[in-house]
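In terms of the working numbering, the sequence shown has 14 at position 8, counting the first letter as 1, and numbering is strictly consecutive.
Single-structure report; data block below.
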Amino acid sequence: MEICGALDIPIVTNFPCGHGKYQATLPISLPVELEVDETVKLKFSEPAVN
């Protein structure tokens, strides 16, 4: 947060993507909706493959 906190972008922690033991593979350039409250929900607007 010290480095990215000033940026005007969503920041989500404890999400299994990026660095760590468990990593979700996310498609590039696919529209998504990110909902963050007590839980984190990442909803894909369209299928990743046809």
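Backbone N, C-alpha and C fix where the C-beta goes; we use that ideal spot for every residue, glycine too.
A quick note: this is a predicted structure, and the numbers were derived from the prediction, not measured.
Helix, strand or coil: which one does DSSP assign to residue i?
i: Phe50; result: strand
Please name the residue or residues paired with residue i in a DSSP beta bridge.
i: Glu41; result: Lys47
On a Cα-Cα basis, can you pick out the residue from the options that is closest to residue i?
i: Leu35; options: Gln29, Ile9 and Ala54; result: Per the sequence shown, the amino acid found at residue 35 is Ser instead of Leu. Closest option to Ser35, Cα to Cα, is Ala54.
i: Val18; options: Lys27, Pro33, Thr31 and Glu44; result: Glu44
i: Lys49; options: Val42, Met7 and Val38; result: Val38
i: Glu52; options: Lys27, Pro33, Pro16 and Ile9; result: Pro33
i: Leu40; options: Pro16, Ile9, Cys10 and Tyr28; result: Pro16
Kindly give me the distance between the Cβ atoms of residue i and residue j, rounded to whole angstroms, as I take these residues to be in contact under 8 Å.
i: Ala30; j: Cys23; result: 5 Å
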